[in-house]
Structure formats: structure tokens, C-alpha cells
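K.L.:
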Ligand SMILES: Cc1cc2nc3c(=O)[nH]c(=O)nc-3n(C[C@H](O)[C@H](O)[C@H](O)COP(=O)(O)OP(=O)(O)OC[C@H]3O[C@@H](n4cnc5c(N)ncnc54)[C@H](O)[C@@H]3O)c2cc1C
Ligand SMILES: NC(=O)c1ccc[n+]([C@@H]2O[C@H](COP(=O)([O-])OP(=O)(O)OC[C@H]3O[C@@H](n4cnc5c(N)ncnc54)[C@H](OP(=O)(O)O)[C@@H]3O)[C@@H](O)[C@H]2O)c1
């Protein structure tokens, strides 16, 4: 368990600066492509009267640990929801919009920063609505689309006056063989600095961070599902707060198709350099990596390599799991947790219900 105090802070660009040093593309080095099996064996050294030292497997529990009701993060007074609604959206300005996937990545993902002048007060883990310009096929204004906020509450410029998003451009071929562009994601990815943007919200309480600064926080993201976790991690490792100093363990699993679509990789590696005892980082690059059985490396495949360690962590009262991204990931993760729980004679779905009640299992998938 991590114990080193982190004094992490970065010099953030001032609010007058409309540029931010972000990778224009991401990559992974060849060493990252190695598939490591780090599954932990829980062993304990025991000394007998013969003075012979033997190693035995630690006993496993056969009952689900009882969860204690804690103060809910959702009751926190300062959490604002629905300040702006579609009828009266906040009009922000695009300050920056940059592609963060490589040219050879399957699809484009953009990081964008909008001005809020502090009028859209959000917490890490919340989402905002965006109403694209123009009208739909019925001549009505477009409906809002939700996007997870990808910045910490302080914002990328550190002045609480901006909100950032991480948006994948949706383009697909329909049954008639026509190329269709998603309305709002294409509107956002094409936005130029200086353009106005209609925002609603903020909304959502499921993905709020746990209050405990000593918690273990396991973050499971596929693709743009990384957005809320970038906010968490900036707060933990790049910022200084009077009332919050993270000294627990943050463990991020990020699943993407190719190394050129690894989002915010350089930022996360910087965090790891700053706080090696408090931050663990694992990538699952599905179209380039495989496990030892030659299976496609999905996020749950990577997690399976640490299965027992993750299961032990889940038994602790101050471990909080967050999942965000593709709907399909939830089942894969349930499957590995289910088989681990079964080894301890625990019914995973019952146990997950308890974890959810205690806000230790938080899911926002789509
Ligand atoms: C809480 C929440 C948070 C979200 N956060 C993010 C985020 O951080 N980043 C992000 O990029 N997205 C996020 N999304 C998704 C986002 O809200 C939009 O749904 C997404 O950007 C697509 O919207 P669009 O207007 O571009 O597409 P639309 O014009 O709304 O088109 C989408 C529709 O196209 C159809 N479609 C899509 N793909 C295919 C296909 N392959 N074949 C056939 N039909 C298809 C489906 O009917 C789908 O409903 C989030 C969603 C939710 C609910
Ligand atoms: N709060 C939210 O609800 C929220 C927030 C942000 C994003 N989202 C949604 O999350 C999704 C992310 O999509 P994206 O286009 O950004 O991602 P992406 O770049 O396509 O990456 C998704 C990764 O997940 C893999 N994957 C596919 N099926 C999987 C499964 N069943 N289990 C585990 N991994 C799987 C993909 O592998 P292959 O492609 O190689 O199969 C790929 O490596 C979008 O649908 C977006 O709307 C939701």
C-alpha cells in the first residue's frame, strides 16, 4: 500500500493563455507492449518451533465482508446539478481544441477547453450537456448530448473558469452503405477556438470522487471513458489543495484499440514519475497486445493478470472502483470478478450490490 506523501503540482498556464501543453499525438514505447504477468500470489511466511521457515497460502474468507454505511458523496452540499437547462444554456467559448490521437488511429479523439467564467461549477466526475448548432430533421433544435468532464474542478488553466471534454468523432456506415456523421461529436471536434458553445448541467453524481484521501481508487476506462479519471488524477497529482491531499493508491486501467489512440499517456506517465508509490498505470491495447493465451488484450484481460490482487483490494472498505466507457466492458469485468468471488464462496452479484450501496462500485457506461 502506498504511503509516500505527494507534493505534486505543475505550473498551469494562466487564464490569459489559451494554449496548453498537450501531446498532439500519443504513442507507447515498445517496452509497453510487453505482456507482463504480475498476478500476485498471496503468501505469508510462518515460523515454526523447528525454526524452519515455510511459506503457506493465506487463508481466504468464505463470507462477503459486511459493508459499513458511510457518509454519501452524493449528499455533499457543494455539488451543483442542472444549473443550466436546454431552454437557458450557458454560452461558453471554445478556447482550445486539439486532436489527441495519432493520424493512424482508428477514429479521432479531441481534447477541448471551454470558458465558463466560473458559472458552471462542477466537480470531478460530473458531465455537461452540449447542444450542437443547427436543427434536426424535424426542424427542431438538436437535443443535448452528454459528455463526461475531462478536467478537474480547477480546470486545465487552474482558475476554475474552464471545463474540458474528451470527444470521439462518431462516423459510421449505415445499412444503406452511406457514411453517417454523429451530430454533436462532429460539431464539437470541428469547433474552432473563439466559437460559442451551448452548455447545460452540470449533471451526475455517480462518478463523484470518494472523499477519503487515503482511499484506493481503481479506475477502469475504455476510450473516451478516460475523461472523468483525467479529472480525478489531475486533482490527486497535479494540484495542491488545502483540504485534500491524496495519499492513497490510484490504479488506472485504460483500454484503447491502438498505441496511437492512448489518451493523455504523457500526462499519466508524468504523474507516475511524481508519485510512483501512489499511482499504478496499466494499458490494454486491444489491437496490438495479447495475453499469454494469445487472446485480444481488453481491459478485463489486463485486469485478469492482477486478479487476486484486485480481489484482495476489493475486500477493503476504502477501495472504490469506477468504470467508464463502452457498455460491453461491464460484463467482461463482472466475469473475472465473479470467478474470483466464487473461489471465496461469495456470490459476486450480491457482493457487487453491497459495494454499490457503499458507493464502492461506480459505473457510467454507454
Ligand atoms: C453520461 C454520458 C457521458 C458521455 N461522455 C462522453 C465523452 O466523454 N466523450 C464522448 O465522446 N462521448 C461521450 N458520451 C457519448 C455522447 O453523449 C454521444 O452519444 C456521442 O458523442 C454521439 O453523439 P453524436 O451526436 O455525435 O451522434 P448522433 O448523431 O446522436 O448519432 C448516434 C446514433 O447513431 C447511431 N449509431 C452510432 N454508431 C453506429 C453504428 N456503428 N452503426 C449504426 N448506427 C450507429 C445510433 O443510433 C446512435 O444512437 C457520453 C454519453 C453519456 C450518456
Ligand atoms: N460516462 C459515460 O457513460 C461515457 C463517458 C465517455 C465515453 N463513453 C462512451 O464510451 C465509449 C468509448 O468509445 P471510444 O470510441 O472512445 O473507444 P475506443 O477508442 O474505440 O476504445 C474502446 C476500447 O475498448 C475495446 N472494447 C471493445 N469491446 C469491448 C468489450 N466488450 N470489453 C472491453 N473492451 C472492449 C475496444 O477494442 P476493439 O475496438 O479492438 O474491439 C477498444 O480497445 C463510447 O461509446 C462513448 O460514447 C461513455
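In the UniProt record's numbering, the protein residues as written are 1 to 366.
Cβ coordinates follow ideal geometry from the N, Cα and C atoms, glycine included.
(1) Any heavy atom of ligand 1 closer than 8 Å to the CB of residue 147?
(2) Could you check whether the Cβ of residue 397 sits closer than 8 Å to any heavy atom belonging to ligand 1?
(3) Quick check on residue 307: does DSSP put it in helix, strand or coil?
(4) Is the beta carbon of residue 233 closer than 9 Å to that of residue 267?
(5) Let me make sure I understand the geometry here. Which of 188, 154, 98 and 221 has the alpha-carbon closest to that of residue 333?
(6) Assuming residue 83 and residue 115 make a contact with CB atoms under 8 Å, what is their CB distance in whole Å?
(7) Which of helix, strand or coil does DSSP assign to residue 168?
(8) Using only the alpha-carbon positions, how far apart do residue 346 and residue 189 sit?
(9) For a test of your reading of the model: does the CB of residue 278 fall under 8 Å from any non-hydrogen atom of ligand 1? Yes or no.
(10) Do you know how far the Cα of residue 248 is from the Cα of residue 150?
(11) Excluding the 5 residues preceding and the 5 following residue 126 in the sequence, name in chain order all residues of the same chain whose CB lies nearer than 6 Å to its CB.
(12) Short check: CB of residue 172 to CB of residue 153, under 9 Å?
(13) Would you say residue 170 touches ligand 4, meaning its beta carbon is less than 8 Å from a heavy atom?
(14) Which two residues bound the contiguous alpha helix (DSSP H) that contains residue 273?
(15) Note down the Cα distance separating residue 128 from residue 292, rounded to an integer number of angstroms.
(16) Are at least three pairs of beta-carbons, each pair with one atom in the stretch 206-221 and one in the stretch 309-316, less than 8 Å apart?
(17) DSSP three-state label for residue 84, please.
(18) So, is residue 176 buried or exposed, given that buried needs 16 or more other C-beta atoms within 10 angstroms?
(19) Cα separation between residue 225 and residue 253?
(20) Residues in the same chain with beta-carbon distance under 6 Å from residue 348, minus the five sequence neighbours each way, listed in chain order, please.
(21) Given a cut-off of 9 Å, decide if residue 166 and residue 130 are closer than it, judged by their beta-carbon atoms.
(22) Once you ignore the five residues that flank residue 181 on each side, which residues in its own chain have a CB closer than 6 Å to its CB?
(23) Among the residues of its own chain, which have a CB less than 6 Å from the CB of residue 74, if the five just before and after it don't count?
(24) From residue 31 to residue 297, what distance separates their C-alpha atoms?
(25) Using the three-state DSSP reduction, which class does residue 101 fall into: helix, strand or coil?
P.N.:
Quick answer:
(1) Residue mapping note: residue 147 aligns to position 147 of the chain shown, counting from 1. Within the cutoff, so yes.
(2) In the structure as shown, the chain begins at 1 and stops at 366. Residue 397 is therefore absent and cannot be evaluated.
(3) Walking along the chain shown from the start, residue 307 turns up at place 307. Per DSSP, reduced to three states, the secondary structure at residue 307 is helical.
(4) Taking the first residue of the chain shown as position 1, residue 267 is located at position 267. Taking the first residue of the chain shown as position 1, residue 233 is located at position 233. Yes, Cβ-Cβ distance for residue 267 and residue 233 is below 9 Å.
(5) For the purposes of this step, residue 333 is taken as residue 333 along the chain shown, with counting starting at 1. Among 188, 154, 98 and 221, the Cα nearest to that of residue 333 is on 221.
(6) Counting from 1 along the chain shown, the entry for residue 83 is found at position 83. Counting from 1 along the chain shown, the entry for residue 115 is found at position 115. Actually they do not touch by this definition, with Cβ atoms about 16 Å apart.
(7) For the purposes of this step, residue 168 is identified with residue 168 of the chain shown, where counting begins at 1. The three-state reading of DSSP puts residue 168 in strand, counting E and B together.
(8) Walking along the chain shown from the start, residue 346 turns up at place 346. Walking along the chain shown from the start, residue 189 turns up at place 189. Roughly 45 Å between the two C-alpha positions.
(9) In the chain shown, residue 278 corresponds to position 278, counting from 1. No, the beta carbon of residue 278 sits no closer than 8 Å to any heavy atom of ligand 1.
(10) Taking the first residue of the chain shown as position 1, residue 150 is located at position 150. Taking the first residue of the chain shown as position 1, residue 248 is located at position 248. Rounded to whole angstroms, the separation of the alpha carbons of residue 248 and residue 150 is 21 Å.
(11) Taking the chain shown and counting its residues from 1, one reaches residue 126 at position 126. Same-chain partners within the cutoff: 149, 202 and 204.
(12) Position 172 of the chain shown holds residue 172. Position 153 of the chain shown holds residue 153. Result no, Cβ atoms of residue 172 and residue 153 do not sit closer than 9 Å.
(13) No copy of ligand 4 occurs in the structure displayed; its ligands are ligand 1 and ligand 2 alone.
(14) Counting from one through the chain shown, the residue named residue 273 turns up at place 273. Looking at the DSSP string, the run of the alpha helix (DSSP H) that includes residue 273 is 265-274.
(15) Taking the chain shown and counting its residues from 1, the one referred to as residue 128 is at position 128. Taking the chain shown and counting its residues from 1, the one referred to as residue 292 is at position 292. Between residue 128 and residue 292, the C-alpha separation is close to 41 Å.
(16) Using a C-beta cut-off of 8 Å, the stretch 206-221 makes contact with the stretch 309-316, since at least three inter-stretch Cβ pairs fall below that distance.
(17) Here residue 84 refers to the residue found at position 84 of the chain shown. Assignment of residue 84 by DSSP, reduced to helix, strand and coil, places it in the strand class.
(18) Residue numbering aside, residue 176 sits at position 176 when the chain shown is read from its first letter. So residue 176 ends up on the exposed side.
(19) In the chain shown, counting from the first residue as 1, residue 225 sits at position 225. In the chain shown, counting from the first residue as 1, residue 253 sits at position 253. Each residue's alpha carbon lies about 11 Å from the other.
(20) For this step, residue 348 is matched to residue 348 along the chain shown. Once the five neighbours on either side are set aside, the close Cβ partners of residue 348 are 337, 338 and 341.
(21) Numbered from 1 along the chain shown, position 130 holds the residue referred to as residue 130. Numbered from 1 along the chain shown, position 166 holds the residue referred to as residue 166. Taking 9 Å as the Cβ cut-off, residue 130 and residue 166 do not qualify as a contacting pair.
(22) Within the chain shown, the letter at position 181 stands for residue 181. Result list for residue 181: 171, in chain order.
(23) Reading the chain shown from its first residue, position 74 is the one you call residue 74. Here the set comprises 205.
(24) Here residue 31 refers to the residue found at position 31 when the chain shown is read from its first residue. Here residue 297 refers to the residue found at position 297 when the chain shown is read from its first residue. Because the pLDDT at residue 31 is just 29, under 50, the model does not fix this residue reliably, and the value given afterwards should be weighed accordingly. When rounded, the distance between both Cα atoms is 16 Å.
(25) Walking along the chain shown from the start, residue 101 turns up at place 101. Judged by DSSP in its simplified three-state form, residue 101 adopts coil rather than helix or strand.
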